[in-house]
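Numbering (my numbering), first residue to last: 176 to 632.
The beta carbon of each residue, even a glycine, is placed where N, CA and C say it ideally should be.
Keep in mind it's a predicted model, so treat the numbers as computed, not measured.
All remarks here apply to the structure that follows.
Structure follows, in structure tokens:
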């Protein structure tokens, strides 16, 4: 292995708590910055391009997240497999994983771009996009689709850098790209009056900047994850290792998105006021979730490196630290949100009815919202020791299926918001128990068979 870069974080040695924080905090800041930049993006569109432009952009958000996140989930496979070989100090395997990962992201990115352009109108029509905005919405989606390769390149390379322990450079790229996006939004919308096409073009160009910076940096890395363009290729063994971990992770995200859509449909039955209050709290939840998400990333990466290094005793200590950090950040922010719920919701709406509707979701969901982060940490740790399908099955049964069954049974009998929202903490609690038991069983099996590379999943 080549000498480690000073920007990387030691995962197999040294203080776990300090190193987990050094790893996770830049990820958390970067994700929060993305939320803020996205909000600023919408403010610019809404104020300077008009309501129809805002609606056209908004009509695409859920669909783009659903499709892109499925493929971005594959980057988790790149992260876990790279980290495992990196921890094992196997330079050749690291290099093969890096170049195969980039090959996967390029093919998937161009496939997404072609499909996005081809099925844009059909997809938006199936989603019930209003006729008044569908033409602009189709234009927005088709232009954004051209940037899907950039999105995947950034996420895959970030996953590779994270596997080595470098989370600071991706943060720098996110900040630069986000700032560029806002500047280009203002330029294209205010100066050139491009409205929806201008906003989409700004997104593509800023994502292209981030992808270019990440690629150049990876090509210059003086470590085992150094990228050499001429060596980008598919390697059968690495391809299946990455898919084995990444595909279930991507499907898990899609499953959660679908279950949330079903819950949203139930919320819609209460009218526009409740929908507005629910939307405000969902936006707030985004900040809470990102505060815990960095520790999910840390869990999978740290555990995978230590698994590769065969430091199995350290794995449990890493998991304990990540669970503690996710709990403190998640529960702490949830508690603050509960205490100051009226003031926080006041940022989203001044209507008392909307605030009152949002308060119901906060009081029901937020006390146990930290379980959402704890489940992620446990699933990350399970992927780190080679079990990727198990978290998918648990999430499908414990969260997705349970929520759907809850809506068609309990909620159908007691048609109230409180009962509907209870589907979240109940599903999180059950999923946490299942995840905890599954990790304990997998870890116990690992210690019994320490020569195994992958656990049976």
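#1: For residue 273 and residue 252, I'd like the C-alpha separation in whole angstroms.
#2: Excluding five sequence neighbours on each side, which residues of the same chain lie with their C-beta closer than 6 Å to the C-beta of residue 348?
#3: Compute the distance between the beta-carbons of residue 479 and residue 258, then report whether it is under 8 Å.
#4: Secondary structure at residue 183, three-state DSSP: helix, strand or coil?
#5: Going by other Cβ atoms of all chains shown within 10 Å of its Cβ, with 16 needed for buried, is residue 267 buried or exposed?
#6: Closest to residue 197 by CA distance: which of 188, 184, 207 and 209 is it?
#7: Please report the Cβ distance between residue 477 and residue 195, rounded to the nearest whole angstrom; I am assuming they are in contact, meaning their Cβ atoms lie under 8 Å.
#8: If we ignore side chains and look at the alpha-carbon of each, how far apart do residue 342 and residue 445 end up?
#9: With a cut-off of 8 Å on the beta carbons, I'd call residue 512 and residue 470 a contact; round off their distance for me.
#10: Quick check on the DSSP output: the alpha helix (DSSP H) that includes residue 593 runs from which residue to which?
#11: If contacts are defined as beta-carbon pairs under 8 Å, then residue 463 and residue 505 qualify, I think. What distance do you get, rounded to the angstrom?
#12: Among the residues of its own chain, which have a CB less than 7 Å from the CB of residue 481, if the five just before and after it don't count?
#13: Mapping DSSP to helix, strand and coil, what is residue 614?
#14: Helix, strand or coil for residue 517, going by three-state DSSP, please let me know.
#15: Can you tell me whether DSSP reads residue 523 as helix, strand or coil?
#16: I believe residue 549 touches residue 614 by the beta-carbon criterion, under 8 Å. Please report the beta-carbon distance rounded to the nearest angstrom.
#17: Hey, would you say residue 442 sits closer than 8 Å to residue 436, going by beta carbons?
#18: Is the beta carbon of residue 346 less than 8 Å from the beta carbon of residue 201?
#19: Using three-state DSSP, classify residue 407 as helix, strand or coil.
#20: DSSP three-state call for residue 304: helix, strand or coil?
#21: What residue range does the alpha helix (DSSP H) around residue 480 cover?
#22: Can you list, in chain order, the residues of its chain with a C-beta nearer than 7 Å to that of residue 372? Leave out the 5 residues immediately preceding and following it.
#23: Using alpha carbons as the reference points, say which of 235, 300, 242 and 335 lies closest to residue 271.
#24: Reducing DSSP to helix, strand and coil, say where residue 528 ends up.
#25: Does the distance from the CB of residue 228 to the CB of residue 311 come in under 8 Å?
#26: Exposed or buried, residue 497, counting other C-beta atoms within 10 Å across all chains shown (16 or more means buried)?
#27: Along the chain, where does the alpha helix (DSSP H) containing residue 353 start, and where does it finish?
#28: Name the two residues that bound the continuous alpha helix (DSSP H) containing residue 589.
#29: Are there 16 or more other CB atoms within 10 angstroms of the CB of residue 423, so buried, or fewer, so exposed?
#30: Using 10 angstroms around the beta-carbon of residue 214, count the other beta-carbons present and answer buried if the total reaches 16, otherwise exposed.
#31: When the Cα atoms are used, what is the spatial distance from residue 595 to residue 602?
#32: Would you mind working out which of 452, 276 and 619 sits nearest residue 528, comparing C-alpha positions?
#33: Thinking C-alpha only, which one of 299, 247, 331 and 374 is nearest residue 356?
#34: Below 6 Å CB to CB, which residues in the same chain sit around residue 514 once its five sequence neighbours on both sides are set aside?
#35: For residue 208, tell me which candidate among 353, 286, 226 and 307 has the shortest Cα-Cα distance.
Concretely, from the data shown:
#1: To locate residue 273, count along the chain shown from 1; it is residue 98. To locate residue 252, count along the chain shown from 1; it is residue 77. For residue 273 and residue 252, the distance between alpha carbons rounds to 11 Å.
#2: What you label residue 348 is simply residue 173 of the chain shown in a count that begins at 1. Result list for residue 348: 385, 388 and 389, in chain order.
#3: Counting from 1 along the chain shown, the entry for residue 479 is found at position 304. Counting from 1 along the chain shown, the entry for residue 258 is found at position 83. Yes; because the gap between Cβ atoms is below 8 Å, this pair is in contact.
#4: Along the chain shown, read from residue 1 onward, the residue named residue 183 stands at position 8. Reduced to three states, the DSSP call for residue 183 is coil.
#5: Your numbering for residue 267 matches position 92 in the chain shown. Residue 267 comes out exposed.
#6: Residue numbering aside, residue 197 sits at position 22 when the chain shown is read from its first letter. The candidate whose alpha carbon is nearest that of residue 197 is 184.
#7: The residue you call residue 477 lines up with position 302 of the chain shown. The residue you call residue 195 lines up with position 20 of the chain shown. Contact holds; Cβ gap of about 7 Å.
#8: Here residue 342 refers to the residue found at position 167 of the chain shown. Here residue 445 refers to the residue found at position 270 of the chain shown. Looking at the two C-alpha atoms, the distance is approximately 43 Å.
#9: Along the chain shown, one-based indexing puts residue 512 at 337. Along the chain shown, one-based indexing puts residue 470 at 295. About 19 Å; that fails the 8 Å criterion.
#10: The residue labelled residue 593 in the question sits at position 418 within the chain shown. Residues 592 to 596.
#11: Mapped onto the chain shown, residue 463 falls at position 288. Mapped onto the chain shown, residue 505 falls at position 330. With a Cβ gap of about 6 Å, residue 463 and residue 505 count as contacting.
#12: To locate residue 481, count along the chain shown from 1; it is residue 306. So the list reads 186, 187, 262, 489, 490 and 493, once near-sequence residues are dropped.
#13: For the purposes of this step, residue 614 is identified with residue 439 of the chain shown, where counting begins at 1. Residue state, collapsed to three classes: helix.
#14: Here the question's residue 517 lines up with position 342 in the chain shown. Here residue 517 sits in helix by DSSP.
#15: Here the question's residue 523 lines up with position 348 in the chain shown. Residue 523 falls in the coil class under three-state DSSP.
#16: On the chain shown, position 374 is the one that residue 549 refers to. On the chain shown, position 439 is the one that residue 614 refers to. Contact flag wrong, Cβ pair sits at about 11 Å.
#17: Here residue 442 corresponds to residue number 267 of the chain shown, with the count starting at 1. Here residue 436 corresponds to residue number 261 of the chain shown, with the count starting at 1. No, the Cβ-Cβ distance between residue 442 and residue 436 is not below 8 Å.
#18: Here residue 346 refers to the residue found at position 171 when the chain shown is read from its first residue. Here residue 201 refers to the residue found at position 26 when the chain shown is read from its first residue. In this structure, residue 201 lies closer than 8 Å to residue 346 by Cβ.
#19: Taking the first residue of the chain shown as position 1, residue 407 is located at position 232. Looking at residue 407 - three-state DSSP - the assignment turns out to be coil, as it is neither helix nor strand.
#20: As a working note, residue 304 is residue 129 in the chain shown. Residue 304 falls in the coil class under three-state DSSP.
#21: Taking the first residue of the chain shown as position 1, residue 480 is located at position 305. First-last of the alpha helix (DSSP H) with residue 480: 447 to 483.
#22: As a first step, residue 372 is located in the chain shown; it is residue number 197 there, counting from the start. If we look at residue 372 and ignore the five residues flanking it on each side, its Cβ neighbours are 314 and 318.
#23: Within the chain shown, residue 271 is the residue found at index 96, counting from 1. Answer by Cα proximity: 335.
#24: On the chain shown, residue 528 is found 353 positions in, with the first residue counted as 1. Residue state, collapsed to three classes: helix.
#25: Looking up residue 228 in the chain shown gives position 53. Looking up residue 311 in the chain shown gives position 136. In contact: residue 228 and residue 311 (Cβ atoms closer than 8 Å).
#26: Numbered from 1 along the chain shown, position 322 holds the residue referred to as residue 497. Label assigned to residue 497: buried.
#27: Counted from its first residue, the chain shown places residue 353 at position 178. From DSSP, the alpha helix (DSSP H) with residue 353 extends over 343 to 361.
#28: Residue numbering aside, residue 589 sits at position 414 when the chain shown is read from its first letter. Note, residue 589: premise wrong, no alpha helix (DSSP H); not H, not E.
#29: As a working note, residue 423 is residue 248 in the chain shown. Result: buried.
#30: Within the chain shown, the letter at position 39 stands for residue 214. Its Cβ having fewer than 16 others within 10 Å, residue 214 is exposed.
#31: Within the chain shown, numbered from 1, the residue matching residue 595 stands at position 420. Within the chain shown, numbered from 1, the residue matching residue 602 stands at position 427. Taking the straight line joining both Cα atoms gives about 12 Å.
#32: The residue labelled residue 528 in the question sits at position 353 within the chain shown. Checking every option, the nearest Cα to that of residue 528 belongs to 452.
#33: Counting from 1 along the chain shown, the entry for residue 356 is found at position 181. Looking at the Cα atoms, 374 is the closest of the given residues.
#34: As a first step, residue 514 is located in the chain shown; it is residue number 339 there, counting from the start. Correct list: empty, nothing qualifies.
#35: Numbered from 1 along the chain shown, position 33 holds the residue referred to as residue 208. Considering only alpha carbons, the answer is 353.
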